[in-house]
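Heads up: the structure comes next, in C-alpha cells.
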Amino acid sequence: MGCGVTKSDQFHKHPSKAVTSIKAAILIQRWYRQYVARTEMRRRYTWHIFQSIEYSGEQAQIKLYNFLGYLMDNFTPSSSERNLISHIFRENEVCRDAEWERYFCYKNIEVPDIYSGPHLTFPLSVEQAVGLVQAFRDKKQLHSRYVLQLLLETWKLLRMLPNINRISTCHSKEITICGDLHGQLEDLLLIFYKNGMPSLDKSYVFNGDFVDRGKDSIEILLILFAFLLVYPSDVHMNRGNHEDHIVNLRYGFTKEVLTKYKMHGKRILKLLQKIFSWLPLATVIDQKVLVLHGGISDSTDLSLLARLDRHNYVSALRPPKRRNTSSAGISIDSDIDEDWSNHKVFQRRASFTFPKPLGTRSSFQNRSLQDFSDRIKVNVEEELETCRRRSYTFNAGINRVEKEMAPCPSTDSVNSDNAKEEWKQVLDLLWSDPMTQDGCVPNEVRGGGCYWGPDITDDFLNRHNLQLIIRSHECKQDGYEFCHNRKVLTLFSASNYYDVGSNRGAYVKLGPDLVPYVVQYQASSMTRELTVRQSVGRTERSALKVLREQLFAHKSDLISAFKTFDSENTGLVSLTDWASVVESVMHLGLPWRMLRFQLVTCKTSDGMIDYNEWFNELAIKAPNTDNIEQGLLETLYRHRSTVETIFRIVDTDNSGFITIEDFRQTWKLLSIYLKMEFTDEAISDLAVTIDVNQDGNIDIDEFMEAFRLTDKKSRLERGRSMFMGTATDLTKLEGDPDI
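In short: position in the sequence shown from 1, add 14, done, that's my numbering.
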C-alpha cells in the first residue's frame with residue numbers, strides 16, 4: 015500500500031553493502047565473544063589467586079596451632095616454653111558458671127557523663143536494638159559496661175538452646191538466611207535495608223563467620239545478640255569456623271576488640287570465647303532444610319551432634335580436654351589420646367596428619383627448645399619423604415595412648431568412648447566443603463574437615479529425611495551457588511570480600527514451599543559505579559599485586575629451581591621453563607604462560623627471560639631494614655602472618671607490647687616451627703631496629719606495619735590472614751604457607 019522502499023529492495027539494489035554489513039556484524043559478534051571469553055578467563059584466574067591465598071592461610075593457622083599443641087603435650091608443665099603458650103589452651107580454666115559470671119561482672123565499670131553512645135537497659139526493647147544499629151551506622155561505639163552486660167545476657171540465653179535449633183515457617187511465613195558476614199557491617203546494614211530488621215514477622219538465621227577480616231566484627235555481634243535477646247524465637251545463630259578464639263588470633267578479631275576496648279578488652283574476649291562455644295551448631299527448618307556453616311561427611315550423624323556437649327569445643331581445632339580429679343581435689347585437664355587410629359572414621363580419612371611420636375612426656379623433662387628442635391628434625395625427616403601432599407599439616411601425638419583416667423560425672427560427653435568421633439563431627443560441620451565427584455576425602459586445601467560428594471549428600475538427606483542443605487563457608491562470585499543436583503546451596507553474604515568488585519553478597523528467603531529465593535547485592539557504592547571491565551580490571555590488579563609479593567617472597571626457592579634449567583649460569587630461561595619452575599614452586603595451578611604478560615617484562619629478543627632481572631622488578635624494599643640479615647628478612651616476609659600470631663600468643667596480657675626477652679622467645683619458637691636457625695646477633699639487630707624509642711618493648715602493630723609489603727592495605731590483607739604458601743612448604747616443616 016505504501017510507497018516506501020523496503021529492506022529487501024535495498025538489498026537487491028546494493029548487494030555489496032549488505033554483504034559488508036553482515037561481515038561487520040559477524041566480526042563484531044566474534045570480537046564480543048572473544049572479549050567475553052577473555053574477561054571470564056581473567057575473572058577465573060583472579061578468583062583462583064584469591065582463593066589459594068585464603069585457604070593456604072587457614073592451613074597455616076591449623077599447622078601452627080597443632081605445632082603449639084604438640085609443645086603443650088610434650089613439655090613439662092613447669093617449663094618456661096610451655097608457660098609461654100599455655101594460656102591459649104585454657105587448661106586451668108575449670109570454673110563453675112557462677113564463678114565466671116562474677117569474673118565478667120560489669121557493675122564496677124562506670125559510664126562517664128561525656129559518653130555519647132547508646133545506653134542500654136535490660137531486658138532490651140526493640141527500640142534499643144534498632145537504636146544500636148543506628149548508632150553503629152553513625153560510627154559510634156558501645157561502652158564496655160554495656161558490651162559486657164549484653165554479652166552476659168546472651169551467654170545465659172545461649173546456654174538454654176539446643177545444639178540443633180528446629181524452627182518452622184508456619185509462624186513467620188518466611189525465614190531469611192544469611193551467610194558469612196566477616197565483620198563487614200555495611201553488608202548487614204544493606205540486608206536490613208532491603209529485607210527489613212528482625213521482628214516477629216521477619217525471622218532470620220545467621221549462618222556463622224560473623225567475625226574476622228572485616229573491621230566491624232564486634233559491632234555485628236552486638237547487633238545480632240541484641241536482636242537475639244529481643245526475639246529469641248525469631249533470630250537464630252549458627253556457629254562458624256571463625257567463632258574460635260584460636261582462629262581469631264590470626265584473622266584480626268582479637269586485635270579489633272583489644273584496639274576498640276583497651277581497658278576491658280581482655281574480659282570481653284574471654285566472655286566471647288564462652289559465647290562462641292555455646293552457639294548452636296545447626297538449624298533445621300520445617301524438618302526438611304538443614305542450615306549449617308561448613309558441611310557434612312560420610313559419618314555425620316545429626317542425632318550424635320544433637321546430644322554432645324558443644325561447650326566443650328572452645329576451639330574445634332583441638333579435641334576437648336578430659337577432666338580428672340587429683341588427690342588434692344583439684345580439677346586437672348588432660349588430653350583424650352586413646353588410640354583411635356583403627357577407628358573406621360580415621361580409616362576413611364584424617365582431617366589432620368601427624369609425624370611419628372617423639373617419645374613420652376617424661377622424656378622431655380628438662381629439655382630445651384633447641385633440643386626439641388633437633389629431635390623433630392631427625393624424627394620427621396623420614397615422614398616427610400612419604401607425605402608430599404598439599405594438605406600436610408602438623409599435629410602431634412595421635413597414636414600415643416594415655417593411661418586410663420577416672421571419668422568425671424560432669425563431663426560425660428568428653429569422657430565417652432566416642433569423644434574423638436564427636437570432635438571430628440564438629441570439625442567436619444564447621445570446616446568441610448562440597449566437591450563435584452563422589453566420595454569423601456580430606457579437605458586438602460583448608461587442612462581441616464573434608465570434601466564430600468553428591469553421593470554423600472544423597473545418603474545423608476535420605477537417612478535424615480531432608481531435602482536441602484544450606485551452607486556457607488566459601489566465597490562465591492555471585493554470592494551463592496547450587497551444587498549436588500541443587501540439593502546443596504552455598505550462601506555467602508560478605509560482598510566485595512577479596513576486593514571492591516570481587517563478588518556479590520546474597521541472602522536467601524524461604525517460605526512454606528521451601529523453595530529458595532535468592533537476593534543478591536553489592537554493598538559498595540563504588541562497585542555499583544564501575545563497569546564490568548573496570549570491576550574485573552580492579553580486582554585483577556589487586557590479585558596480581560599480591561601474587562608478585564608471593565613470588566618475591568619465594569625468591570630463594572625460585573632461583574634454586576631456575577638454576578636447574580640454567581646449567582651454564584647465564585641467568586636466562588625459556589618461557590616454558592619459567593612457567594614450569596614457577597608452578598613447581600608455587601603450586602597454584604595458574605595459567606603462568608598467559609600471566610607472563612602481567613608478571614614479566616624483562617625478556618630478551620629471542621624470548622628468554624632474565625630471572626635475576628625479574629626479581630629486581632618484583633623487589634619491594636621495607637623501611638629501615640638495611641642492617642638486618644637478608645635471610646631473616648626474607649623469612650619475615652614469607653611468614654609474617656605466623657609471626658604476628660605468635661606475637662599475640664606471647665603477649666599474654668593483651669597489651670599490644672612484648673618485652674625484648676619475649677621478642678627473643680618469639681623468634682626461638684618460630685625457629686623451631688620453621689626449622690631454621692636465627693642467630694642471637696640477627697635477632698638483636700632486628701629488635702634494635704624495631705624498638706625505635708629504645709624503651710625495651712616491641713610494639714606489635716608497629717613491627718608488623720614496618721614489614722608490610724604493600725603500599726596500601728587491601729581488603730585481601732585484612733586480618734593479615736590471606737598469604738599463600740607452596741606445596742613444598744606444606745609438606746615440610748621448613749616452611750609455612752604464608753608470607
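The beta carbon of each residue, even a glycine, is placed where N, CA and C say it ideally should be.
Only a predicted model underlies this, so the values are computations on that prediction, with no experimental measurement involved.
(message) Quick check: the Cα distance between V529 and T666, rounded to an integer number of angstroms?
(response) The C-alpha of T666 is placed about 49 angstroms away from the C-alpha of V529.
(message) Between which residues of its own chain and Q491 is the CB-CB distance below 8 angstroms, once the five residues before and five after are set aside?
(response) Listed in chain order, the non-local C-beta contacts of Q491 below 8 angstroms within the same chain comprise R57, W61, S516, N517 and R518, local neighbours out to five positions each way being set aside.
(message) If distances are taken between C-alpha atoms only, which option among T504, D447 and W114 comes closest to D312?
(response) Measuring from the Cα of D312, the nearest candidate turns out to be D447.
(request) List the endpoints of the continuous alpha helix (DSSP H) containing G145. (result) Membership of G145 in the alpha helix (DSSP H) is indicated by the continuous run V140 to R151.
(message) Measuring only the C-alpha atoms, how far is G782 from V459?
(response) Only positions 15 to 753 of the chain appear in this structure, which leaves residue 782 out of reach.
(request) Measure from the alpha carbon of K77 to the alpha carbon of each residue in F692, S698 and T659, then state which is nearest. (result) Answer by Cα proximity: T659.
(request) Would you kindly work out how many angstroms separate the C-alpha atoms of K269 and A39, rounded to a whole number? (result) If you take the alpha carbons of K269 and A39, they lie about 57 angstroms apart.
(request) List the DSSP bridge partners of Q534. (result) In the DSSP output, where bridge partners are listed per residue, Q534 has A520.
(request) Pair every Cβ in the segment 155-163 with every Cβ in the segment 190-200, then say whether three or more of these pairs are closer than 8 angstroms. (result) With a cut-off of 8 angstroms, the segment 190-200 and the segment 155-163 do not count as touching, because too few Cβ pairs lie within range.
(request) Taking I234 as the reference, give the member of T168, V147, E167 and S217 with the closest Cα. (result) Out of T168, V147, E167 and S217, the CA that lies nearest to the CA of I234 is found in V147.
(request) Taking the CB atoms as reference points, tell me whether I63 and L572 lie closer together than 8 angstroms. (result) Their beta carbons are not under 8 angstroms apart, which means I63 does not touch L572 by this criterion.
(message) For I714 and P456, what's the separation of their Cα atoms in angstroms?
(response) Between I714 and P456, the C-alpha separation is close to 35 angstroms.
(message) On the criterion of 16 or more Cβ atoms from any shown chain inside 10 Å, does H185 qualify as buried, or is it exposed?
(response) H185 should be labelled exposed.
(request) Mind the definition here: the segment 249-257 touches the segment 271-278 only if three or more C-beta pairs lie below 8 angstroms; say whether that holds. (result) Because the criterion of three Cβ pairs below 8 angstroms is not met, the segment 249-257 and the segment 271-278 do not touch.
(message) Less than 7 angstroms between C-beta atoms, sequence neighbours within five positions excluded: which residues of the same chain meet that for G145?
(response) If we look at G145 and ignore the five residues flanking it on each side, its Cβ neighbours are P132.
(request) Look up D713 in the DSSP assignment and say whether it is helix, strand or coil. (result) Strand, per DSSP.
(message) Let's see if you can read the secondary structure: which residues bound the alpha helix (DSSP H) around P468?
(response) Membership of P468 in the alpha helix (DSSP H) is indicated by the continuous run P468 to H478.
(request) For K727, count neighbouring Cβ atoms within 10 angstroms of its own Cβ and tell me buried if that reaches 16, exposed if not. (result) Low local confidence applies: a pLDDT of 46 at K727 is under 50, so the model's placement there is unreliable, with the coordinate-based value given in what follows. Exposed: under 16 other Cβ atoms inside 10 Å.
(message) Buried or exposed for L214, going by 16 or more other Cβ atoms inside 10 Å?
(response) By the neighbour-count rule (16 or more Cβ atoms within 10 Å), L214 is not buried but exposed.
(request) Check each candidate in E200, V305, V657 and E436 and name the one with the smallest Cα separation from I181. (result) Here the closest residue by C-alpha is V305.
(message) Whole angstroms are fine: how far does the CA of V532 sit from the CA of R44?
(response) Roughly 33 angstroms between the two C-alpha positions.
(message) Between which two residues does the alpha helix (DSSP H) holding N262 run?
(response) Counting along the chain, the alpha helix (DSSP H) containing N262 begins and ends at H259 to Y265.
(message) At the level of alpha carbons, what is the spacing between K682 and A240?
(response) Using only the alpha carbons, I get a separation of about 44 angstroms.
(request) Using alpha carbons as the reference points, say which of H478, L319, L202 and P526 lies closest to K187. (result) Among H478, L319, L202 and P526, the Cα nearest to that of K187 is on P526.
(request) Report the three-state DSSP secondary structure of R180 (helix, strand or coil). (result) Three-state DSSP puts R180 in a strand.
(request) Throw me the rounded Cβ distance for the E167 and F118 pair, which I believe falls under 8 angstroms. (result) Between F118 and E167 the Cβ distance is about 11 angstroms, and since that is not below 8 angstroms, they are no contact.
(request) Go through its chain and collect everything with a Cβ distance to W292's Cβ below 6 angstroms, but skip five positions before and after it. (result) So the list reads L172, R173 and H325, once near-sequence residues are dropped.
(message) Quick check on R562: does DSSP put it in helix, strand or coil?
(response) In the three-state DSSP reduction, R562 falls in the helix class (H, G or I).
(request) With DSSP as the reference, please indicate the residues paired to I660 in a beta bridge. (result) Per DSSP, none; premise fails for I660.
(request) Within its chain, find whatever has a CB closer than 6 angstroms to the CB of G467; leave out the 5 residues flanking it on each side and keep chain order. (result) Here the set comprises M449, Q451, D452 and G453.
(message) Bridge partners for I484 per DSSP, in chain order?
(response) Beta-bridge pairing links I484 to V305 and L503.
(message) On the criterion of 16 or more Cβ atoms from any shown chain inside 10 Å, does E436 qualify as buried, or is it exposed?
(response) Buried: at least 16 other Cβ atoms inside 10 Å.
(request) Label Q73 either buried or exposed according to how many other C-beta atoms from any shown protein chain fall within 10 Å of its C-beta, with 16 as the threshold for buried. (result) Counting every other CB atom within 10 Å of its CB across the protein chains shown gives Q73 a total of 16 or more, marking it as buried.
(message) Is it the case that the segment 573-585 contacts the segment 619-634, given that we only count it when at least three CB pairs across the two stretches are under 8 angstroms?
(response) Output reads yes: the segment 573-585 touches the segment 619-634.
(request) Check I191 in the structure and name its three-state DSSP category. (result) Taken through DSSP and simplified to helix, strand or coil, I191 comes out as strand.
(request) Take the Cβ of F366 as the centre, count every other Cβ of all protein chains shown within 10 Å, and call the residue buried at 16 or more, exposed below. (result) At F366 the pLDDT is 34, less than 50, meaning the model places this residue with poor confidence; the figure from the coordinates comes in the next sentence. F366 should be labelled buried.
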